[in-house]
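To start, the structure itself, in structure tokens.
Residue numbers (the numbering used here): 158 to 239.
Below, the structure written as structure tokens:
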């Protein structure tokens, strides 16, 4: 697995915010860093990252654990070459 993706998943595993607002701000920052570390991005990676950010910021209903679980499923799909 890509080192940067693994680092993001490790962060997600140990991130302990229970307030969704704090959680989404911190995760969004790490998502932006991840996207920068994976450059150049394929169109598929770019689409997945945009979708994940949209879901994180606007679509989940303040449930930290649901979003954490969703991200753990989706982030490995950003692996370059998949």
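Just so it is clear, CB atoms sit at the ideal spot from N, CA and C, and this is done for glycine as well.
{"query": "In three-state terms, what does DSSP make of residue 174?", "result": "coil"}
{"query": "Pick out whichever of 195, 231, 175, 220 has its Cα sitting closest to the Cα of residue 160.", "result": "195"}
{"query": "Using the C-alpha atoms, what's the distance from residue 197 back to residue 230?", "result": "22 Å"}
{"query": "If you follow the alpha helix (DSSP H) that residue 207 is part of, which residue opens it and which one closes it?", "result": "200-211"}
{"query": "Among 168, 220, 199, 216, which has the Cα closest to the Cα of residue 186?", "result": "168"}
{"query": "Going by DSSP in three states, residue 187 sits in which element: helix, strand or coil?", "result": "helix"}
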